[in-house]
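Down below is the structure, laid out as structure tokens.
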């Protein structure tokens, strides 16, 4: 089983290298195409040729089917959107739901072009309050409101307002509140809760008598705790997935600081051997849930049945570390260790590879790539040079340069004995 798992990663790695917007080659035709792309990029055009978009769709169809845990890169550029790369954003696709990480300008349009269904977006995580990471947020929230007019509350089975959770450092609530209030946005179909990840010594400012709070917004704070010797935020746990966050240094100051996220799938319990359980006197029913939860159960004959007696081996959950643009990532060593996929940008590619070597991910994906670098260029401004530099310090070849609409399916790990 473990060999099959490694084979899947190797196949995926080869596929990702084959499916890129412009293949880097030393032929004369490629150099001419690269020069043309370079000139067009500096014109800062806002439209994408139809053939280019069609090529992306064909590339996405070549990848494996949805595995239950997938990363979709929506914007891989740095600073500003360009014809080749959108502003910072990615999506973690999970069964029946999507979680958005950063929401730069144009993110909504990128979602419509991708395999992500915008109506499945229920949580948005922001790393910091720079414009290229959150200027698309107000429009995203208004669109979610417009598309959820028929939302059915799963608990009451009646029409209701869909809860949308937004997480980020201090400053996010003020930004969203000002945007929705100034634009007189009526959020009739959603209710938005802003969760701000505050420092340990944070003291909320006194309320201002002149401050207007939008009626469809609520505000909470999350304080950090010490995890493996490092301060970290337990952002959320929905029973199937856990999100943790750690503080990082950024080369450009921002209000409220910077935080980065780790999404981890909870360990899946093993299957119950129904025949073995029946022999012990336990037929399928409510007590199975207790066994899967790790609890022993009392049998009709008065004896106790322990989970390990009738359950197979468990399967560890998958893990993705989303660091985005950061200079010093040492605060994430403990949280991000042994991730299946690591998204990293803003630092040098050599620094990204060095950090990856310390946390040992299966795959390193470079994003937040400057517009000076292009997949179609050959030489010092080639994206391939960034990949090669990261491979040297990572000491593995499992490094790819991310591009917009790229899908990264994370396979199920092998079952542990």
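Residue numbers (full-length UniProt numbering): 1 to 417. The C-beta atom is built at its ideal place from N, Cα and C for all residues, glycine as well. This structure is a prediction, so every number in the text was calculated from the model and none was measured.
> Do residue 224 and residue 248 come within 9 Å of each other at the CB atom, strictly closer than that value?
Replying inline: Going by C-beta atoms, residue 248 is not nearer than 9 Å to residue 224.
> Looking at C-alpha atoms only, which residue of 298, 200, 94, 125 is the closest neighbour of residue 324?
Replying inline: 125
> How would you write the range of the beta strand (DSSP E) that residue 93 sits in, first residue to last?
Replying inline: Note, residue 93: beta strand (DSSP E), 89-94.
>> In the DSSP output, which residue or residues are listed as bridge partners for residue 123?
In response: 99, 165
>> Tell me the rounded alpha-carbon separation between residue 300 and residue 267.
In response: 30 Å
> Using a beta-carbon distance below 9 Å, is residue 341 in contact with chain C?
Replying inline: The displayed structure is made up of one protein chain only, and chain C is not part of it.
>> For residue 173, tell me which candidate among 136, 151, 220, 206 has the shortest Cα-Cα distance.
In response: 220
>> Tell me the DSSP secondary structure of residue 308 in three-state form.
In response: helix
> Who does residue 240 pair with in a DSSP beta bridge?
Replying inline: In DSSP, residue 240 forms no bridge with anything.
> Once you ignore the five residues that flank residue 30 on each side, which residues in its own chain have a CB closer than 6 Å to its CB?
Replying inline: Here residue 30 scores only 42 on pLDDT, less than 50, and its place in the model is too uncertain to base an answer on.
>> Does the segment 331-341 come into contact with the segment 257-264, if we say contact requires no fewer than three beta-carbon pairs (one atom in each stretch) closer than 8 Å?
In response: In the pairwise beta carbon analysis, the segment 331-341 is classified as touching the segment 257-264: at least three pairs are separated by under 8 Å.
>> By DSSP's criteria, residue 191 is part of a beta bridge. Which residues make up the other side?
In response: 163
> In three-state DSSP terms, what is residue 82?
Replying inline: coil
> Should residue 274 be labelled buried (16 or more other beta-carbon atoms within 10 Å of its own) or exposed?
Replying inline: Residue 274 comes out exposed.
> Using a Cβ-Cβ cut-off of 6 Å (strictly less than) and excluding sequence neighbours within five positions of residue 187, which residues of its own chain qualify?
Replying inline: 145, 216
>> Measuring alpha carbon to alpha carbon, tell me which residue in 341, 353, 368, 370 is nearest residue 361.
In response: If you compare the alpha carbons of 341, 353, 368, 370 with that of residue 361, the shortest gap goes to 341.
>> Buried or exposed for residue 155, going by 16 or more other Cβ atoms inside 10 Å?
In response: In summary, residue 155 is exposed, with fewer than 16 beta-carbon neighbours lying within 10 Å of its beta-carbon over all protein chains present.
>> Let's test the definition: count the other Cβ atoms within 10 Å of the Cβ of residue 105 and tell me whether it reaches 16, buried, or not, exposed.
In response: buried
> Within this structure, are the beta carbons of residue 148 and residue 127 separated by less than 9 Å?
Replying inline: no
> Can you give the Cα-Cα distance for residue 100 and residue 117, rounded to whole angstroms?
Replying inline: 11 Å
>> Given this structure, state the Cα-to-Cα distance separating residue 238 from residue 381, to the nearest angstrom.
In response: 43 Å
> Skipping 5 residues on each side, what residues in its chain have a beta carbon closer than 7 Å to that of residue 383?
Replying inline: Same-chain partners within the cutoff: 369, 373, 374, 375, 401.
>> Assuming residue 353 is part of the alpha helix (DSSP H), what are its boundary residues?
In response: 349-359
>> Checking the sheet assignment: what are the DSSP bridge partners for residue 261?
In response: 245, 322
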